[in-house]
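Here is the structure we will look at.
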Amino acid sequence: MDESDVRERLESLLEEHRDLDAAIDAIRALPGSDQLQLARMKKRKLRLKDEIESLRDQLLPDIIA
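Take the sequence shown: its letters are residues 57 to 121, numbered as in the numbering used here.
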């Protein structure tokens, strides 16, 4: 992947992460919310965060101090 592909993927993941965060908040607000669904969504959000951090690392040059 070149830099533009990485940036495009990063933006896509950030948007999905924000959407998932909003969905989790909305489901939490409902009485009798499905805890299993919430747990799955939270796990997905964590995987997204890991992938986002990985892509950000690819964009930043290694600095040897």
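Glycine included, C-beta positions come from ideal geometry on N, C-alpha and C.
Using a Cβ-Cβ cutoff of less than 7 Å, which residues in the same chain neighbour Glu109 once the five nearest sequence positions on both sides are dropped?
Within the sequence shown, the letter at position 53 stands for residue 109. Excluding positions up to five away in sequence, the list is empty.
Please classify Leu115 as buried or exposed, where buried requires at least 16 other C-beta atoms within 10 Å of its C-beta.
To locate residue 115, count along the sequence shown from 1; it is residue 59. Counting Cβ neighbours within 10 Å, Leu115 comes out exposed, since fewer than 16 surround it.
Counting only the same chain and skipping the five closest in sequence on each side, list residues whose C-beta sits under 8 Å from that of Glu59.
In the sequence shown, the residue the question calls residue 59 occupies position 3. Beyond the five residues adjoining it in sequence on each side, Glu59 comes within less than 8 Å, by CB distance, of Leu115 in the same chain, given in chain order.
Report the rounded CA-to-CA distance for Asp90 versus Ile83, giving the unit in angstroms.
Residue 90 sits at position 34 when you count from the first residue of the sequence shown. Residue 83 sits at position 27 when you count from the first residue of the sequence shown. Each residue's Cα considered, the two are about 8 Å apart.
contact_flag[the region 62–73, the region 98–108] where n(CB pairs < 8 Å) is 3 or more:
yes
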